[in-house]
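Visitor:
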Amino acid sequence: MEPRSVLDIDLRALTDRVFHPSPAAWEDEVLYFLLVDRFSDGREDGYLDNAGSPATGGTPLLRTADHGNAVATEESAAAWRAAGGGWVGGTLAGLRTKLGYLRRLGVTAVWISPILRQVPGAGTYHGYGTYDFLAVDPHFGTGEDLRDLVAEAHRLGIRVVLDIVLNHAGDVFAYEPDVVPLWSGQPYPIRGLRGDGVWPSELQRPGTFTGKGRIVDWDRFPEYVEGDFDELKDIHLGSGDSDGYRPSPALIALTRAYQYWIAYADLDGFRVDTVKHMDQGAARYFASAVHEFAQSIGKERFYLIAEITGDRAFAVRTLQSTGMDAALGLADVQDRLEWTVKGARDPAEYFTLFRNSLQVGVDSHTWFRDRVVTGYDDHDQVRKGPSKARFAADDLGRRLAVAALALNATTLGIPCVYYGSEQLFDGRGGNDRYIREAMFGGSFGPFRSRGRHAFDETHPVYVELAKILALRRRIPALRRGRQYLREISGNGVEFGLPRLLGDGVPGALRSVVPWSRIFADHEVVLAVNTDPFEARTAWVTVDDGLHAEGSTLTCRYSTDAGAAAGGVGGTVPVEARNGKAVLLTVPAAGFVMYEAAG
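FYI, the UniProt record's numbering numbers position 480 of the sequence shown as 480, with every residue one higher than the one before it.
Now the structure itself:
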């Protein structure tokens with residue numbers, strides 16, 4: 001029977017067992033984010049199961065000829081678009097059948113969207129409109145399905161990070177009169193809770209919700225802390241400054257509820273939604289209580305990933321103040337990563353995010369390696385406004401997809417792959433629904449299709465990313481090393497950082513963009529080519545003290561593995577140029593990796 005109050009939870013009974021341990025270092029992990037409703041319904045045909053054997057089902061594999069099969073007429077196109085605005089049918093049980101697909105890709109931690117019970121009748125398939133924090137939503141399955149998913153993931157060497165919400169609940173009450181007022185700093189009258197209320201029962205007490213109306217200015221304090229996210233209702237979490245914060249009964253109850261889910265399902269971490277919109281004292285209380293509880297059951301590094309929007313300094317201060325472990329994105333990581341690869345930004349804009357750490361009160365830039373989750377596609381894309389689309393929405397993005405995934409996987413931070421990027425999903429359409437295609441097809445499949453799944457382990461992008469992640473797993477420098485954007489030269493005499501000389505349009509920078517990762521005196525040299533059409537050759541600076549003139553570096557990866565010059569296994573000599581340098585050729589829209597033999 002599901003608990004109705006946090007007083008019904010017997011944590012002592014739930015914790016009388018051995019739990020899955022935390023990783024030694026979270027920077028060793030590779031995250032994969034998915035919306036449960038949009039990932040798998042378990043009915044696909046012809047995919048490889050968790051053991052690597054062909055599986056049977058009713059939904060065939062998507063082929064190029066199937067693209068657009070849902071939009072042949074305006075009537076069918078309207079039905080496809082409408083389907084994307086509501087529940088499509090992905091489940092926890094379906095996800096469990098695809099863990100082998102993720103493991104073979106190189107994923108070591110799956111971050112799943114919120115799965116707790118949503119307001120009945122609401123279209124919040126994304127999971128951020130919770131009304132019962134003690135039960136799994138029936139659309140996704142049951143609590144047992146969650147527990148089975150985590151157990152199977154652990155068996156396969158994959159950890160599970162659950163997306164959670166503290167800041168707000170779903171649309172659980174109406175204002176009086178029945179309109180959503182705008183934030184004014186003062187509470188508005190409310191009619192009372194809808195339906196059978198909100199759970200746990202502790203959230204039904206007066207004062208649980210701030211009741212101050214909808215946020216209009218997302219950067220004005222205290223509006224962005226006290227206001228509602230449109231129809232999602234802001235929860236009063238407490239009061240006071242961070243050091244003397246007094247948690248509200250609602251925050252205490254929610255913390256207990258999430259401790260319950262850790263113990264019940266053996267979870268490995270939480271991604272905490274909208275931390276910017278919470279009092280920092282509330283975030284600190286939650287982080288302390290969760291960390292202590294997790295450590296008490298043997299999870300020494302239960303990870304809390306905080307969604308923190310804003311600049312780098314604000315994100316760093318928030319992490320240090322709250323005690324959460326990592327920030328999701330950091331000062332436009334997604335934007336700078338995407339447009340660096342597409343040749344529309346100076347590469348230094350991306351790489352500088354992980355340097356000059358003294359400017360943000362951190363004494364080593366290696367601090368960033370396990371404190372930032374990096375990526376480029378995501379399911380919100382607030383940064384793009386009305387132009388939301390995935391990286392591969394145009395020809396330039398499709399050509400450069402492997403380079404983007406490689407840059408994300410081999411630079412500082414904990415890399416996160418957004419589901420479907422490894423299948424080149426395009427997400428064209430302009431708003432949230434179109435970047436949330438259903439991997440399993442159903443009524444809202446990718447590439448404007450229906451009834452076709454995309455779990456294709458022969459897809460060229462999947463294949464290349466799996467190779468890159470295997471090298472990341474093997475080479476410590478790619479996970480833990482220091483990082484340096486390297487100078488380049490066309491003539492071997494004049495060197496400088498690659499930089500944007502054009503007008504900032506996509507493709508304006510067509511150049512080799514190289515960087516190094518150095519760990520324990522071992523250097524790995526990596527480079528992408530932002531030119532989507534032509535191979536580029538450049539002298540690339542390497543560490544002067546780690547390489548002798550006349551020594552060689554060996555190619556460990558190239559998007560053109562059999563290239564006559566610089567292909568996998570090929571070597572390049574180290575020459576005395578700009579200290580030391582090597583001459584690298586990077587295939588069009590490609591990526592290469594070199595290291596010293598040994």
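We put the beta carbon where it would ideally sit given N, CA and C, even for glycine.
If you scan the stretch 272-332 from start to end, which runs of the beta strand (DSSP E) of 3 or more residues do you find wholly inside it?
Guide: Those beta strand (DSSP E) runs which fall completely within the stretch 272-332 and span 3+ residues are 303-307, 326-328.
Visitor: In whole angstroms, what is the alpha-carbon distance linking Pro222 and Gly281?
Guide: Pro222 and Gly281: Cα-Cα distance of roughly 14 Å.
Visitor: Taking His522 as part of the beta strand (DSSP E), name the residues at either end of that continuous run.
Guide: Counting along the chain, the beta strand (DSSP E) containing His522 begins and ends at 522-529.
Visitor: According to DSSP, is Trp111 helix, strand or coil?
Guide: It is a strand residue.
Visitor: Quick one, which of Ile262, Glu300, Asp219, Val402 has its alpha-carbon nearest Pro460's?
Guide: Of Ile262, Glu300, Asp219, Val402, the residue nearest in Cα terms is Val402.
Visitor: Counting C-beta neighbours from all protein chains within 10 Å, is the total for Trp218 16 or more, i.e. buried, or is it exposed?
Guide: Exposed, because fewer than 16 other Cβ atoms sit within 10 Å of the Cβ of Trp218.
Visitor: Using the C-alpha atoms, what's the distance from Ala174 back to Arg472?
Guide: If I take the Cα positions, the gap works out to 51 Å.
Visitor: Classify Arg17 as buried or exposed, calling it buried when 16 or more other Cβ atoms lie within 10 Å of its own Cβ.
Guide: Classification of Arg17: exposed, given that the 10 Å Cβ count is below 16.
Visitor: Taking 8 Å as the threshold, find out whether the stretch 323-332 comes into contact with the stretch 282-291 through three or more Cβ pairs.
Guide: They touch, by the three-pair rule.
Visitor: Measuring CB atoms only, is the stretch 143-163 touching the stretch 118-125, in the sense that at least three cross pairs come out at less than 8 Å?
Guide: At 8 Å Cβ cutoff, the stretches do not touch.
Visitor: Which residue marks the beginning of the beta strand (DSSP E) containing Val586, and which one marks its end?
Guide: That run of the beta strand (DSSP E) goes 580-586.
Visitor: Looking only at its own chain, which residues have a Cβ that is under 6 Å from the Cβ of His139, when we skip the five neighbours before and after it?
Guide: Around His139: Trp87.
Visitor: For the beta strand (DSSP E) that Tyr131 lies in, which residues bound it at each end?
Guide: Segment 130-136, the beta strand (DSSP E) holding Tyr131.
Visitor: Would Leu7 be called buried (16 or more neighbouring beta carbons within 10 Å of its own) or exposed?
Guide: Label assigned to Leu7: exposed.
Visitor: Could you tell me the alpha carbon to alpha carbon distance between Leu500 and Glu349, rounded to whole angstroms?
Guide: Each residue's alpha carbon lies about 10 Å from the other.
Visitor: So which of Pro514, Ala265, Thr124 has the shortest CA-CA distance to Leu14?
Guide: Minimum Cα distance to Leu14 is reached at Ala265.
Visitor: Counting pairs of Cβ atoms below 8 Å between the stretch 487-507 and the stretch 532-544, do you hit three or more?
Guide: Output reads yes: the stretch 532-544 touches the stretch 487-507.
Visitor: Return yes when the Cβ of Pro514 is within less than 8 Å of the Cβ of Arg474, no when it is not.
Guide: Taking 8 Å as the Cβ cut-off, Arg474 and Pro514 do not qualify as a contacting pair.
Visitor: Give a yes or no on whether the C-beta atoms belonging to Arg433 and Gly94 are separated by under 8 Å.
Guide: No; because the gap between Cβ atoms is not below 8 Å, this pair is not in contact.
Visitor: With 16 other CB atoms within 10 Å as the buried threshold, where does Pro506 fall?
Guide: Pro506 is buried by the Cβ-count criterion.
Visitor: Pro222 by DSSP, collapsed to three states: which one?
Guide: Residue state, collapsed to three classes: coil.
Visitor: Just the C-alpha distance for Ser296 and Thr73, rounded to the nearest angstrom, thanks.
Guide: Looking at the two C-alpha atoms, the distance is approximately 58 Å.
Visitor: Give me the residue from Gly240, Leu396, Tyr376, Thr411 with the minimum Cα distance to Asp370.
Guide: Ranking the options by Cα distance to Asp370, first place goes to Thr411.
Visitor: Only counting the same chain, and skipping five residues up and downstream in sequence, which positions put a Cβ closer than 6 Å to that of Leu405?
Guide: Here the set comprises Leu465.
Visitor: Could you check what DSSP says for Val402 in three-state terms: helix, strand or coil?
Guide: If DSSP states are grouped into helix, strand and coil, Val402 belongs with the helices.
Visitor: Taking the beta strand (DSSP E) that Tyr175 belongs to, which residues open and close that run?
Guide: Looking at the DSSP string, the run of the beta strand (DSSP E) that includes Tyr175 is 173-175.
Visitor: With distance defined between alpha-carbon atoms, name the residue in Asp311, His522, Gly420 nearest to Thr352.
Guide: Nearest C-alpha to Thr352: Asp311.
Visitor: Would you say the stretch 543-555 touches the stretch 408-427, given that touching needs at least three Cβ pairs under 8 Å?
Guide: Because the criterion of three Cβ pairs below 8 Å is not met, the stretch 543-555 and the stretch 408-427 do not touch.
Visitor: Can you tell me the Cα-Cα spacing of Glu231 and Gly170, whole angstroms?
Guide: Near 7 Å, if we compare the C-alpha coordinates of Gly170 and Glu231.
Visitor: Across the stretch 194-202 and the stretch 160-168, are there enough close Cβ pairs to call them in contact, namely three or more that are closer than 8 Å?
Guide: At 8 Å Cβ cutoff, the stretches do not touch.
Visitor: Answer yes or no: do Ala477 and Val524 have a C-beta to C-beta separation smaller than 8 Å?
Guide: Going by C-beta atoms, Ala477 is nearer than 8 Å to Val524.
Visitor: So the candidates are Leu134, Gly329, Asp560, Cys416; which of them puts its Cα closest to the Cα of Tyr257?
Guide: Here residue 257 is Ala; the residue named in the question, Tyr, does not match the sequence. Among Leu134, Gly329, Asp560, Cys416, the Cα nearest to that of Ala257 belongs to Leu134.
Visitor: According to DSSP, what are the bridge partners of Phe591?
Guide: Val528, per the DSSP bridge assignment.
Visitor: Below 8 Å between beta carbons: does that hold for Arg436 and Arg38?
Guide: Yes, these two residues count as a Cβ contact at 8 Å.
Visitor: Got a sec? Which residues, its chain only, sit under 7 Å from Ala122 by beta carbon, not counting five neighbours each side?
Guide: Excluding positions up to five away in sequence, the list reads Gly129, Gly170, Asp171.
Visitor: In the DSSP assignment, find the unbroken beta strand (DSSP E) run with Trp515 in it and report its ends.
Guide: 512-519 is the extent of the beta strand (DSSP E) around Trp515.
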